[in-house]
Structures are given as structure tokens and as C-alpha cells.
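K.L.:
For the sequence shown, position 37 matches number 46 in this note's numbering, and the numbering has no gaps at all. Even for Gly, the Cβ is constructed at its ideal location relative to N, Cα and C.
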Amino acid sequence: MNTLKFITVFLLVASYSCGQQSKKHKPDPEAVQLNNQAMMLVPYIENADSSKKAITLLDQATTIDSNYFLGYSNKLMFYYQLQEFDKLILTNNKLIQLRPSAHDLYLSGGVFYHQIGDSISANRYFNKSLTICNAVLDTMNSKNRDFVMFTTNQAINLIMLNDSAKANKILKVLYENQPDDPQFDNVEKKYIHSLMNKNKKELLDMVNNPDKYSLGSF
Numbered sequence: 010m011n012t013l014k015f016i017t018v019f020l021l022v023a024s025y026s027c028g029q030q031s032k033k034h035k036p037d038p039e040a041v042q043l044n045n046q047a048m049m050l051v052p053y054i055e056n057a058d059s060s061k062k063a064i065t066l067l068d069q070a071t072t073i074d075s076n077y078f079l080g081y082s083n084k085l086m087f088y089y090q091l092q093e094f095d096k097l098i099l100t101n102n103k104l105i106q107l108r109p110s111a112h113d114l115y116l117s118g119g120v121f122y123h124q125i126g127d128s129i130s131a132n133r134y135f136n137k138s139l140t141i142c143n144a145v146l147d148t149m150n151s152k153n154r155d156f157v158m159f160t161t162n163q164a165i166n167l168i169m170l171n172d173s174a175k176a177n178k179i180l181k182v183l184y185e186n187q188p189d190d191p192q193f194d195n196v197e198k199k200y201i202h203s204l205m206n207k208n209k210k211e212l213l214d215m216v217n218n219p220d221k222y223s224l225g226s227f
């Protein structure tokens, strides 16, 4: 399932904003129910009709609750599967409107703009994401549970902005300092290693051809 592998390999970067619960907004129960129905179609995502049905359900959810972050977020995988990049970008920008400080959304947005050949917008988003990452990491303790995620995304932004040398230095230090975690198959170390010594072209190839890559092979 290419889209699910795509999400696993690359859009791990977008997990941060999804995990941040809004203190001010409680989703409408009906919208949540529609979202849950849409998620039941994920196993059938490669079927275009299933993806379209999921989007219809999620559209209904976000119509009922226009601030329902998860409802918008879950549309991304279905739009990506359908290669509807214009709608994908519009949805991601709505997420940014809801979470304007979410560095991962700018990073994902940069990738999406790159997919449609808009390198100017892509670089603007990568730079915005990098600025947020740098500011957070300036004061974040390395023991913080989000440190690895912010640092890897900092490196990904640098790679996408054609500074692979600096990115690889960051990733090398991060990899060497990352403790083994056999209980979880060392997934974080493998993910960090998968990004090392990559240039922009190679990183995009990981996005566009996920079947060629497996964290277990690193």
C-alpha cells in the first residue's frame, strides 16, 4: 500500500501537530463519528472510490465543525492517494491556519508544493519550518521527548534547502547519541540513519518511491 508506506516513511514528520490537543476546542461528536467512519476505509485506500468516499465523510465532518483539526488532517492521505495536490495543499494550509506554529505542517506543505513544481513556495515553507525548529531547539533539552523529532525535521528542511552537509552533521551527532531501544526495534535510530547522507533528490525519491525503502534495511 504505497500511500501508507509514504506516510510511515516520510510523514512521520507531521505527527507532532496532530498530537497537540487544542485546549480551547472540543470537536463536535457528530464530526468525530464521521471521521471514524472515514478511517474505516483506510485499508481500502488504494481503491479510488473508497478514497473519494472517505473524503466525502471528512468533508461532512469539517462542514459540521470547521475547526476539527483531525478531520482536515486525515484528508491528506486520501488526497495524496488520488494525486489531488491542489486540494491537498489547500487542506494543509487550513491546518496551518488552525496551528500556525506547527513546523511539521510547513515541512509537509513544502513537500506538497514541490510535487506540483512550485519550488518558490516550497522553499518558503521549508524556511518557515526550519525557523520554527531552530527557535524551539535553541531552548529544548536533549532529553525532551520531542527532541529527536524536531532535530530530524530540522535536518530534513536543510536537505530540502540544499544544505545536505549541515544536515548530515546534525543527523550524525543525533544518531550517535541516540540510545538503543530494542523493545521498539530501534525505530528512531533506523529512521535517523535512513536520512543520513541523503541529498534533496534522494529524499524526494523516498517520498515518491516508498517501496524501495524499508527502515528494517538500515
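Which residue comes first and which comes last in the alpha helix (DSSP H) that contains K103?
P.N.:
Numbered from 1 along the sequence shown, position 94 holds the residue referred to as residue 103. That run of the alpha helix (DSSP H) goes 94 to 107.
K.L.:
Just reading off the alpha helix (DSSP H) that L114 is part of, what are its end residues?
P.N.:
Within the sequence shown, numbered from 1, the residue matching residue 114 stands at position 105. 112 to 124 is the span of the alpha helix (DSSP H), which, as asked, contains L114.
K.L.:
Evaluate H34 with the Cβ neighbour count: other Cβ atoms within 10 Å of its Cβ, from every protein chain shown; 16 or more gives buried, anything less gives exposed.
P.N.:
What you label residue 34 is simply residue 25 of the sequence shown in a count that begins at 1. The residue is exposed, with fewer than 16 neighbouring Cβ atoms inside 10 Å.
K.L.:
If we require 4 or more residues per run, which alpha helix (DSSP H) segments fall completely within the region 150 to 207?
P.N.:
156 to 169, 173 to 186, 196 to 204
K.L.:
So, is the C-beta of T148 closer than 9 Å to a C-beta in chain C?
P.N.:
The structure shown contains no chain C; it is built from a single protein chain.
K.L.:
Less than 6 Å between C-beta atoms, sequence neighbours within five positions excluded: which residues of the same chain meet that for Q46?
P.N.:
Position 37 of the sequence shown, counted from the start, is the residue given in the question as residue 46. The beta carbon of Q46 lies closer than 6 Å to those of L66 in the same chain, with the five residues before and after it left out.
K.L.:
Give a yes or no on whether the C-beta atoms belonging to N56 and N83 are separated by under 9 Å.
P.N.:
On the sequence shown, residue 56 is found 47 positions in, with the first residue counted as 1. On the sequence shown, residue 83 is found 74 positions in, with the first residue counted as 1. The answer is no: Cβ separation not under 9 Å.
K.L.:
Could you give the DSSP three-state label for T148: helix, strand or coil?
P.N.:
Translated into positions along the sequence shown, residue 148 becomes position 139. If DSSP states are grouped into helix, strand and coil, T148 belongs with coil.
K.L.:
Taking V216 as part of the alpha helix (DSSP H), name the residues at either end of that continuous run.
P.N.:
If you number the sequence shown from 1, residue 216 lands on position 207. It spans 209 to 217 - the alpha helix (DSSP H) in which V216 sits, taken as one unbroken run.
K.L.:
Taking DSSP as the reference, what is the three-state secondary structure of L43?
P.N.:
Taking the first residue of the sequence shown as 1, we reach residue 43 at position 34. Looking at L43 - three-state DSSP - the assignment turns out to be helix.
K.L.:
Taking the alpha helix (DSSP H) that M236 falls in, what are its first and last residues?
P.N.:
Outside the shown range of the chain, which is 10 to 227, sits residue 236, and nothing can be said about it.
K.L.:
From S60 to D68, what distance separates their C-alpha atoms?
P.N.:
Mapped onto the sequence shown, residue 60 falls at position 51. Mapped onto the sequence shown, residue 68 falls at position 59. The straight-line gap from Cα to Cα measures roughly 12 Å.
K.L.:
I'd like to know if the region 87 to 95 and the region 178 to 192 are in contact, where contact means that at least 3 CB-CB pairs between them fall below 8 Å.
P.N.:
By the Cβ rule, the region 87 to 95 does not count as touching the region 178 to 192, because fewer than three pairs are nearer than 8 Å.
K.L.:
How many Å lie between I73 and L99 at the Cα?
P.N.:
As a first step, residue 73 is located in the sequence shown; it is residue number 64 there, counting from the start. As a first step, residue 99 is located in the sequence shown; it is residue number 90 there, counting from the start. Rounded to whole angstroms, I73 to L99 spans 18 Å at the Cα level.
K.L.:
For Y88 and V145, I'd like the C-alpha separation in whole angstroms.
P.N.:
Taking the first residue of the sequence shown as 1, we reach residue 88 at position 79. Taking the first residue of the sequence shown as 1, we reach residue 145 at position 136. Taking the straight line joining both Cα atoms gives about 30 Å.
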